[in-house]
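The structure appears right after this line, and notes come after that.
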Amino acid sequence: MSTSAGITEPRGWFRRVLQANAWLVYAFFYLPIVLLVIYSFSDNRNVGVWGGATLDWYREFANDEPIKTALGNSLKIAAASTTVSVVLGTMAALALERYKFRGRGFFDALLYLPVIIPDVTMAVMMLLFFAEAAKILGFSRGFSTITLSHIAFSISFVSIVVRARLAGTDEKLEEAAMDLYASRWQAFRYVTLPTIMPGVLGGGLLALTLSLDDVVITQFVTGGGWNTLPVYVFGLIRKGVTPLINAVSVVMLVASTVLVGLSLLAQRIRGGEPV
Amino acid sequence: MTNPPPTDWTATSPPVDDAAIAVNLTGITKRFGDVTAVNDIDLQIADGEFFAMLGPSGCGKTTTLRMIAGLEFPTEGSLQIFGVEVGTQPPNKRPVNTVFQNYALFPHLTVRDNVSFGLRMQGTNKREAARRADELIELVQLSGMEKRKPAQLSGGQQQRVALARALVNEPQVLLLDEPLGALDLKLRQEMQTELKSLQRDLGVSFVFVTHDQEEALTMSDRIAVMHEGNLLQVGRAEDLYERPESRFVADFIGQTNLIDATVADADMIVLTNGTKVKAPNPHPAGTSVAMSLRPESIEIGRPGTVPTEYEPTSLPGVVKSVTYLGHALVYDVGVDWIDLEVRTENVPAEQRFTVGDDVAIWWDRHADWVVPNE
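Chain order of the listed sequences is A and B.
The first sequence begins at 1 in the numbering used here and counts up one residue at a time.
The second sequence begins at 276 in the numbering used here and counts up one residue at a time.
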């Protein structure tokens, strides 16, 4: 960098202030994570007091049935809501980006709403809706209601990401495919889908993360003893914080880092040829 | 176009034999909402013909091509390919393939998979499709690049892939939408020659859309000139250049001087300043016309040196500027109310005219051409 210092490169004290700022920002981001990881190995019930190194909390996590159930629930809900919202979100993106129809502008604005609405508002809306729906359809709250609400907010994020990708791809590619004897479905399967795949994967990952993270909406619409991991951890904190929470958090941190890594890898490899 | 001129004025080439018609458009109109992109055109393209559709952007040439490809459906009219009505058939049901503007190569597929795509979609097995793709890749001189992605190719190479990808399907008509537009001048000229010889070897009709009149003139057997959705004239390069049927065609094809005039009789027109000029024409007396005079067909000399036989087709003028082009000289000659461009061969310096010289210009009776002003 310094070898090609141009006129726009900051110099002198200004440069040092900027550097210090960068370090501060990174410290602000990552020190809490470092502390979290360190204290997950601490042999003391009180978080923040170092009591020597131990793997006890990870052992406790592995043997804690409620936590394991909550983790399983989280994964099931995340898998189901991600799958559905990726399909629906991609379809919505295609419709809004590629076709002209009456009320397109309206649907466009409507799709962004869940991104703007505060979680609490969305949660209350969902709860009221499910309460009403339950009167008519007679289902109980739990897996289905949590999954449905996760789908509801994930679709928006998926379609935003996919649309960004679609906007950058040449519409002529589909025409070229159809000119080369592809049916509409084949044009989608062999040309459109592979070119927007990075967007679809990115959107899916976002949906997965949002679902695994959500506390507020899940807490409102849950029922029948259904807990997801974040909601359960939130409950634990109210009873008192132990390094067990740190251990759970570290596991979640590692898992999401791996997910992001995999998604980046998938986007780099991407490809696929007509079968 | 409304009043067909007498036979010796006709610039349209003889109609093609029915059996040899590859593409036949009858009364084709395309509207997008209130906008008429293509207005009631009739057009026949012969089998094995290199046919160009020429016009400024927005003239409807690309829309016409897209209708032949099946990417747009006509609002009205009949569209036949080798006698089969295909008006509303989707593109994958037509025996035509397209080389798109900017090529539209599939970015995620290799050169080989791009080229074999059409065959694979038609159900050819993978090995056979790859074999035939490789043949076409060899034909367009890209052997060794089979496994590259489009992004790893130069513009000229991408152009060749697009060509191979369309030709591998052995289309009955190949459609090309400004295929050379993105290439630089030198490469473009090379590709012009290559396309032309490829077309001759394959014997397939090429329908070529371009806004570049020089490209159209050099490559095509026949050219259709379009303007604002209308088909103005169809003919060979020399028909369009020497016998334009409208002011627009005269102006659009090559350089010309357009001099406004009124028809006096079948042999005489009256210029704006009252000068009578001998100019045979088929229009009724009183018609507002323009006389088209190509810069290279005007002679220039000192006043009083006009040969007697050219007296009825001469005008006095003053040299307003001289442009030296090396192989030629271009004079801007002020004639009373207008300026005319006169192009002559280069001559020794002492014989050149200079700014301010009084001159006379004249032209052969057969060099001028009268077009209606519409």
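Cβ atoms here follow ideal geometry from the backbone N, Cα and C, with glycine treated the same way.
Predicted model, so just to flag it, every value in this text is computed and none were measured.
Q. Alpha carbon to alpha carbon, how far is A/F157 from A/L208?
A. Numbered from 1 along the first sequence, position 157 holds the residue referred to as residue 157 of chain A. Numbered from 1 along the first sequence, position 208 holds the residue referred to as residue 208 of chain A. One alpha carbon belongs to A/F157, the other to A/L208, and they sit about 11 angstroms apart.
Q: Verify the CB distance criterion: does A/E97 have a CB-CB separation below 8 angstroms to chain B?
A: Locating residue 97 of chain A in the first sequence gives position 97, where the first residue counts as 1. Chain B contact via Cβ: absent.
**Q.** Distance, B/A321 Cα to B/F481 Cα
**A.** Numbered from 1 along the second sequence, position 206 holds the residue referred to as residue 481 of chain B. Numbered from 1 along the second sequence, position 46 holds the residue referred to as residue 321 of chain B. Straight-line Cα distance between these residues: approximately 10 angstroms.
Q: Quick one: which residues of the segment 447-462 of chain B get their C-beta closer than 7 angstroms to a C-beta of chain A? List them in chain order.
A: Answer set for the segment 447-462 of chain B: empty.
Q | Three-state secondary structure (DSSP) of B/R402 | A | Position 127 of the second sequence holds residue 402 of chain B. Note: B/R402 maps to helix in three-state DSSP.
(Q) Tell me which residues of the segment 120-140 of chain A have at least one Cβ-Cβ distance to chain B shorter than 7 angstroms, keeping chain order. (A) none
(Q) Please confirm whether B/N219 has its beta-carbon closer than 8 angstroms to some beta-carbon of chain A. (A) As shown, chain B starts at 276 and ends at 649. That puts residue 219 of chain B outside it, with no answer to give.
Q. In terms of residue numbering, what span does the beta strand (DSSP E) encompassing B/G302 cover?
A. As a working note, residue 302 of chain B is residue 27 in the second sequence. It spans 296-307 - the beta strand (DSSP E) in which B/G302 sits, taken as one unbroken run.
Q) Are the C-beta atoms of B/Q432 and some chain A residue less than 8 angstroms apart? A) Here residue 432 of chain B refers to the residue found at position 157 of the second sequence. No - not a single Cβ of chain A is within 8 angstroms of the one on B/Q432.
Q: Starting from B/Y378, follow its DSSP beta bridges and name the residues at the other end.
A: Numbered from 1 along the second sequence, position 103 holds the residue referred to as residue 378 of chain B. B/F375, per the DSSP bridge assignment.
Q. So, is the C-beta of B/P280 closer than 8 angstroms to a C-beta in chain A?
A. Mapped onto the second sequence, residue 280 of chain B falls at position 5. Interpretation of B/P280 is limited by its pLDDT of 42, a score under 50 that renders its predicted location unreliable; the figure taken from the coordinates is listed afterwards. Not an interface residue.
Q) Closest to A/A247 by CA distance: which of A/K68, A/F14, A/L24, A/I151 is it? A) For the purposes of this step, residue 247 of chain A is taken as the residue at position 247 of the first sequence. Nearest C-alpha to A/A247: A/K68.
Q. Are at least three pairs of beta-carbons, each pair with one atom in the segment 75-95 of chain A and one in the segment 168-187 of chain A, less than 8 angstroms apart?
A. Touching, no, given that fewer than three Cβ pairs across the two stretches are closer than 8 angstroms.
Q. Alpha carbon to alpha carbon, what distance is there between B/L477 and B/S495?
A. Here residue 495 of chain B refers to the residue found at position 220 of the second sequence. Here residue 477 of chain B refers to the residue found at position 202 of the second sequence. The C-alpha of B/L477 is placed about 15 angstroms away from the C-alpha of B/S495.
Q.
I'd like to know whether the C-beta atoms of B/Q488 and B/L329 end up nearer to each other than 8 angstroms.
A. Numbered from its first residue, the second sequence carries residue 488 of chain B at position 213. Numbered from its first residue, the second sequence carries residue 329 of chain B at position 54. Yes; because the gap between Cβ atoms is below 8 angstroms, this pair is in contact.
Q) Any residues in the segment 180-191 of chain A with a beta carbon nearer than 9 angstroms to a beta carbon of chain B? Which ones, in chain order? A) L180, Y181, A182, S183, R184, Q186, A187, Y190, V191
Q: Find the nearest neighbour of B/I578 within the set B/S572, B/S589, B/R522, B/P454, judged by alpha-carbon distance.
A: Position 303 of the second sequence, counted from the start, is the residue given in the question as residue 578 of chain B. The sequence shown places Pro at residue 578 of chain B, not Ile. Checking every option, the nearest Cα to that of B/P578 belongs to B/S589.
Q.
Going by beta-carbon coordinates alone, are B/R627 and B/V605 separated by less than 8 angstroms?
A. Within the second sequence, the letter at position 352 stands for residue 627 of chain B. Within the second sequence, the letter at position 330 stands for residue 605 of chain B. No; because the gap between Cβ atoms is not below 8 angstroms, this pair is not in contact.
**Q.** Cutoff 7 angstroms; reference B/T282; Cβ partners in own chain excluding five residues on either side
**A.** What you label residue 282 of chain B is simply residue 7 of the second sequence in a count that begins at 1. In this prediction, B/T282 has a pLDDT of 36, which is less than 50 and means its spatial position is unreliable; what the coordinates show is noted afterwards. Cβ within range, chain order: n/a, list empty.
Q | Collapsed DSSP secondary structure at A/Y181 in the structure displayed | A | Within the first sequence, the letter at position 181 stands for residue 181 of chain A. Three-state result, A/Y181: coil.
Q.
What would DSSP say about B/G504, mapped onto helix, strand or coil?
A. Position 229 of the second sequence, counted from the first residue, corresponds to residue 504 of chain B. Note: B/G504 maps to coil in three-state DSSP.
Q. DSSP three-state call for A/N46: helix, strand or coil?
A. Against the first sequence, residue 46 of chain A aligns to sequence position 46. Coil, per DSSP.
(Q) So, at 6 angstroms on beta carbons, what are the nonlocal neighbours of B/Y585 in its own chain, with the 5 sequence-adjacent residues on each side left out? (A) As a first step, residue 585 of chain B is located in the second sequence; it is residue number 310 there, counting from the start. Correct list, in chain order: W637.
(Q) Quick check on this structure: which residue in B/E360, B/P647, B/L318 has the alpha carbon closest to the alpha carbon of B/S567? (A) In the second sequence, counting from the first residue as 1, residue 567 of chain B sits at position 292. When only C-alpha atoms are compared, the closest one is B/P647.
Q. Given that a residue counts as buried once 16 or more other Cβ atoms are within 10 Å of its Cβ, and exposed if not, what is A/L127?
A. As a first step, residue 127 of chain A must be located in the first sequence, where it is residue number 127. Buried, by the Cβ-count rule.
Q) Can the beta-carbon of A/T82 be found closer than 8 angstroms to that of A/G204? A) Residue mapping note: residue 82 of chain A aligns to position 82 of the first sequence, counting from 1. Residue mapping note: residue 204 of chain A aligns to position 204 of the first sequence, counting from 1. Yes, these two residues count as a Cβ contact at 8 angstroms.
Q: In the DSSP assignment, find the unbroken alpha helix (DSSP H) run with B/K595 in it and report its ends.
A: Translated into the one-based positions of the second sequence, residue 595 of chain B becomes position 320. Run containing B/K595: none in the alpha helix (DSSP H); it sits in the beta strand (DSSP E), 589-599.
Q.
Quick check: what's the CA-CA separation for B/P382 versus A/G199?
A. To locate residue 382 of chain B, count along the second sequence from 1; it is residue 107. To locate residue 199 of chain A, count along the first sequence from 1; it is residue 199. Near 15 angstroms, if we compare the C-alpha coordinates of A/G199 and B/P382.
**Q.** Helix, strand or coil at A/F139 [DSSP, three-state]
**A.** Residue mapping note: residue 139 of chain A aligns to position 139 of the first sequence, counting from 1. The three-state secondary structure of A/F139, taken from DSSP, is coil.
Q.
Let me check one thing: in DSSP terms, what residues is B/D614 bridge-paired to?
A. To locate residue 614 of chain B, count along the second sequence from 1; it is residue 339. DSSP lists B/G609 as partners of B/D614.
Q.
Counting only C-beta atoms, is B/G393 closer than 8 angstroms to chain A at any point?
A. In the second sequence, the residue the question calls residue 393 of chain B occupies position 118. Judged by the 8 angstroms Cβ criterion, B/G393 is in contact with chain A.
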